[in-house]
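Engineer: Supplied in structure tokens, the structure appears directly below.
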Amino acid sequence: MIHFLDVTKHYDNQTAVRNVTFSVDKGEMAFVSGPSGSGKTTVLKLIYLAEKPDEGTITVAGWDITRLRESGIPLLRRNIGVVFQDFRLLARKNVFENIAMALRIRGIGEKETKSRVYEALKSVNLRHKSDAFPPQLSGGEQQRVVLARATVAEPPVILADEPTGNLDPDTAQGVMRIFRDVNAKGTTVLIATHNRELYRNSGRRVFRLEAGNLVGDGIH
Amino acid sequence: MSAPYALKLAAQSLFREKWINLLSVLTIGSGLLVISVAFLAAYNIKAATGRLPEKFSMVLYLDEGTTKAQIDRTMLSLKRDPAVSSVSYISKGQAMKELKATIRNADALFEGLDENPLPASLEVKLKKDSVGPGTVKELAAKAGRLKGVREVDYGEKFLSSLYSLRRGVNSLGLILIAIIATGIIFVCYSTVKILFYRRSEEIETFKLLGATSWFIRFPFLLEGSVIGFSGGLLSLIGILSFYYFGILKLSLTSPVFRAVLFPADLFLPLPLVGLLLGLTGSAIALGRLRY
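Listed in order, the protein sequences are those of chains A and B. Just so you know, we're using the working numbering here: the first sequence kicks off at 163 and counts up by one. Just so you know, we're using the working numbering here: the second sequence kicks off at 53 and counts up by one.
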């Protein structure tokens, strides 16, 4: 589903990722791990083209996205649900509107939007918070709203950047359970995290990055 | 994006940023009102000067002793000219009669005149569309070469001044319209640019979630159009008030204002003009979205 072939990305004089090659199969749930600054976020950004690689080839669902024209980027992004590290929730819109945005962007009608948003809210146990605004929610609740927004349109790929970064262990486990549920339905999931507890004994593949180099690719 | 959702976003933003939007509407309204007043002035000057060519005539003074046959030939030759509307002969006697009618109570002036010193003449009226400094000068030169014609008089300076005034009013009007229209586009440009920057985080999120350029731009274009339309509507109300509560009231006391023409139908498209200017400014402000 996701293939990196000799991908390199520089920021000014710094190399964020260097000659990285890996693959994530369709329907797989995998992790990108490594310490802060190892290039995990860059790998995810390269997949949804928030950054463009300087060298190498990236294919997502058969598309060579390194050759994608700018007009094709929205379509690529509509096939990828992203759980951003900084959430990217709109403070002036309530929880319902924040999630509905993902469907409205895809041109889905109001009636269907309503039922799908409530369904997504139910799956993250936030049905009762639909009218609340992001600043009124706890970190864990905000994280679950972002997760609902990423999954509501049922994209074939979900990317998550440090999805449990600021959460207590119980909430983090709850969030991971949701990822596993989404993956069980056939969605490819790639999670970037520095927290080894998330994938220890999970039986999932982990790509380990250090200073932009891929130093490990194995099942944990 | 569905149109109702775009409308909803635009309405939300219009309300949320009401003060900046109101300021833009007032600026656009004032600009279009200045254009409208200038247009009204130019329209009236053009209408007033436009009536003058109907009264314009050229006088050809004839040599003493010009025969009737020669006069007929000259008249025929002039009538053949496509710019000429009519030619009439004024005899020496008729000229004196007209002079006496013009200068009343001046019998003393004419006492002692043994013979009529006034020459016979031909009065040439031109077609309204043909009255212009170039055509008239050409015709005057041609008439001056005709046999029996001594002198041609047609108020050359007056005619060229009149046409200079018309050209000046037209040019000044066009320059004023161009400057203010550019200003209005700039106001819309700045407004949308400010709104765009204020919502840059939201727009960035839209882009990351896969929104197309059209999805992002549509509410802004709608907003710019609404601001432009409202400014246009305000200027329409302004110019109607200017005429009905200003000019018309003044015309009750001062006859000068009674002559003012008000082409109301020409001002009705003002809101549409505002809308187009608003839309143009917004489109320029948004430019090309980069992903």
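Just so it is clear, CB atoms sit at the ideal spot from N, CA and C, and this is done for glycine as well.
#1: Is ASN260/A helix, strand or coil by DSSP?
#2: Which value, in whole angstroms, describes the spacing of the CA atoms of TYR343/B and TYR295/B?
#3: Under 8 Å between the Cβ atoms of ILE229/B and ILE87/B?
#4: Between which residues of its own chain and ARG218/B is the CB-CB distance below 6 Å, once the five residues before and five after are set aside?
#5: Is GLY199/A helix, strand or coil when you go by DSSP?
#6: Checking the sheet assignment: what are the DSSP bridge partners for GLY378/A?
#7: Can you give me the start and stop residues for the beta strand (DSSP E) that GLY243/A sits inside?
#8: Buried or exposed: where does GLY339/B fall if 16 or more other Cβ atoms within 10 Å of its Cβ makes it buried?
#9: Tell me, please, whether the CB atom of ARG266/A is closer than 8 Å to any CB atom in chain B?
#10: Determine the chain A residues that contact TYR57/B at a beta-carbon separation under 7 Å, and present them in chain order.
#11: ALA263/B touches chain C at which residues, Cβ-Cβ below 8 Å?
#12: Please list the residues of the stretch 56-79 of chain B that have a C-beta atom closer than 7 Å to any C-beta atom in chain A, keeping them in chain order.
#13: Which residue marks the beginning of the beta strand (DSSP E) containing TYR113/B, and which one marks its end?
#14: Name the chain A residues that come within less than 7 Å of GLU254/B, Cβ to Cβ?
#15: Quick one: list the residues of chain B neighbouring GLU232/A, beta-carbon separation under 8 Å, in chain order.
#16: By Cβ distance, which residues of its chain are closer than 7 Å to LEU61/B, with the 5 residues on each side in sequence left out?
#17: Does the beta-carbon distance from THR350/A to VAL179/A come in below 8 Å?
#18: Using a Cβ cut-off of 8 Å, pull out every chain A residue sitting near LEU260/B, in sequence order please.
#19: Using a Cβ cut-off of 8 Å (strictly closer), state whether PHE344/B contacts chain A.
#20: How many angstroms separate the CA atom of VAL204/B from the CA atom of ALA172/B?
#21: If you measure between the beta carbons of SER138/B and LEU198/B, is that distance less than 8 Å?
#22: Please name the residue or residues paired with ALA192/A in a DSSP beta bridge.
#23: If you compare alpha carbons, which of GLU217/A, GLU281/A, PHE184/A and TYR210/A is closest to PHE258/A?
#24: Against chain B, with Cβ distances strictly below 8 Å, would MET263/A count as a contact?
#25: What residue range does the beta strand (DSSP E) around ALA178/A cover?
#26: Who are the Cβ neighbours of GLY81/B in its own chain at under 7 Å, not counting the five residues just before and after it?
#27: Taking DSSP as the reference, what is the three-state secondary structure of SER129/B?
#28: Between which two residues does the alpha helix (DSSP H) harbouring ALA100/B extend?
#29: How would you list, in chain order, the residues of chain A whose beta-carbon sits under 7 Å from the beta-carbon of THR257/B?
#30: Look at the Cβ atom of HIS356/A, then the Cβ atom of ARG366/A, and state whether they are nearer than 8 Å.
#31: Would you be able to state if there are at least three C-beta pairs under 8 Å between the stretch 279-296 of chain A and the stretch 210-227 of chain A?
#32: Among GLU303/A, ASN345/A, VAL314/A and PRO318/A, which has the Cα closest to the Cα of LEU329/A?
#33: Quick check on VAL183/B: does DSSP put it in helix, strand or coil?
#34: So LEU178/B is in the beta strand (DSSP E); what residue range does that whole segment cover?
Structural biologist: Let's see:
#1: For the purposes of this step, residue 260/A is taken as the residue at position 98 of the first sequence. DSSP places ASN260/A in helix when its eight states are reduced to three.
#2: Position 291 of the second sequence holds residue 343/B. Position 243 of the second sequence holds residue 295/B. For TYR343/B and TYR295/B, the distance between alpha carbons rounds to 51 Å.
#3: Numbered from 1 along the second sequence, position 177 holds the residue referred to as residue 229/B. Numbered from 1 along the second sequence, position 35 holds the residue referred to as residue 87/B. In contact: ILE229/B and ILE87/B (Cβ atoms closer than 8 Å).
#4: By one-based count along the second sequence, residue 218/B stands at place 166. Once the five neighbours on either side are set aside, the close Cβ partners of ARG218/B are THR101.
#5: As a position in the first sequence, residue 199/A is number 37, starting the count at 1. Coil.
#6: Residue mapping note: residue 378/A aligns to position 216 of the first sequence, counting from 1. Paired residue(s): ARG370/A.
#7: Taking the first sequence and counting its residues from 1, the one referred to as residue 243/A is at position 81. Looking at the DSSP string, the run of the beta strand (DSSP E) that includes GLY243/A is 242-245.
#8: By one-based count along the second sequence, residue 339/B stands at place 287. Exposed, by the Cβ-count rule.
#9: The sequence position of residue 266/A within the first sequence is 104, counting from 1. At least one CB of chain B lies nearer than 8 Å to the CB of ARG266/A.
#10: Within the second sequence, residue 57/B is the residue found at index 5, counting from 1. In chain order: ARG266.
#11: Here chain C cannot be found, since the structure's protein chains are A and B.
#12: Residues of the stretch 56-79 of chain B whose Cβ lies closer than 7 Å to any Cβ of chain A, in chain order: TYR57.
#13: As a first step, residue 113/B is located in the second sequence; it is residue number 61 there, counting from the start. Element bounds for TYR113/B: 109-114.
#14: Within the second sequence, numbered from 1, the residue matching residue 254/B stands at position 202. In chain order: LEU252.
#15: Reading the first sequence from its first residue, position 70 is the one you call residue 232/A. Correct list: ARG342 and TYR343.
#16: As a first step, residue 61/B must be located in the second sequence, where it is residue number 9. If we look at LEU61/B and ignore the five residues flanking it on each side, its Cβ neighbours are PRO271.
#17: Along the first sequence, read from residue 1 onward, the residue named residue 350/A stands at position 188. Along the first sequence, read from residue 1 onward, the residue named residue 179/A stands at position 17. No; because the gap between Cβ atoms is not below 8 Å, this pair is not in contact.
#18: Start at 1 with the first residue of the second sequence, and residue 260/B comes out as number 208. TYR210, ALA212, ARG239, VAL244, PHE246 and ARG250, listed in chain order.
#19: In the structure as shown, chain B starts at 53 and stops at 343, and residue 344/B therefore has no counterpart that could be examined.
#20: Against the second sequence, residue 204/B aligns to sequence position 152. Against the second sequence, residue 172/B aligns to sequence position 120. Their Cα atoms are separated by approximately 12 Å.
#21: Taking the second sequence and counting its residues from 1, the one referred to as residue 138/B is at position 86. Taking the second sequence and counting its residues from 1, the one referred to as residue 198/B is at position 146. No. Outside cutoff.
#22: Numbered from 1 along the first sequence, position 30 holds the residue referred to as residue 192/A. According to DSSP, which records beta bridges pairwise, ALA192/A is partnered with LEU352/A and ARG367/A.
#23: Here residue 258/A is taken as the residue at index 96 of the first sequence, counted from 1. Checked all of GLU217/A, GLU281/A, PHE184/A and TYR210/A; the closest Cα to PHE258/A is GLU281/A.
#24: Sequence index remark: in the first sequence, residue 263/A carries index 101 (1-based). Taking Cβ atoms only, chain B reaches closer than 8 Å to MET263/A, which makes this a yes.
#25: To locate residue 178/A, count along the first sequence from 1; it is residue 16. Segment 176-186, the beta strand (DSSP E) holding ALA178/A.
#26: Locating residue 81/B in the second sequence gives position 29, counting from the first residue. When the five nearest sequence neighbours on each side are left out, the beta carbons in the same chain lying within less than 7 Å of the beta carbon of GLY81/B are those of GLY283, LEU286, SER287 and GLY290, in order along the chain.
#27: If you number the second sequence from 1, residue 129/B lands on position 77. Note: SER129/B maps to helix in three-state DSSP.
#28: As a working note, residue 100/B is residue 48 in the second sequence. Start and end: 70-102.
#29: Walking along the second sequence from the start, residue 257/B turns up at place 205. Correct list: ARG250 and LEU252.
#30: As a first step, residue 356/A must be located in the first sequence, where it is residue number 194. As a first step, residue 366/A must be located in the first sequence, where it is residue number 204. The answer is no: Cβ separation not under 8 Å.
#31: no
#32: Counted from its first residue, the first sequence places residue 329/A at position 167. Closest by alpha carbon: GLU303/A.
#33: On the second sequence, residue 183/B is found 131 positions in, with the first residue counted as 1. VAL183/B: coil per DSSP, three-state reduction.
#34: For this step, residue 178/B is matched to residue 126 along the second sequence. According to the DSSP assignment, LEU178/B belongs to the beta strand (DSSP E) that extends over 173-178.
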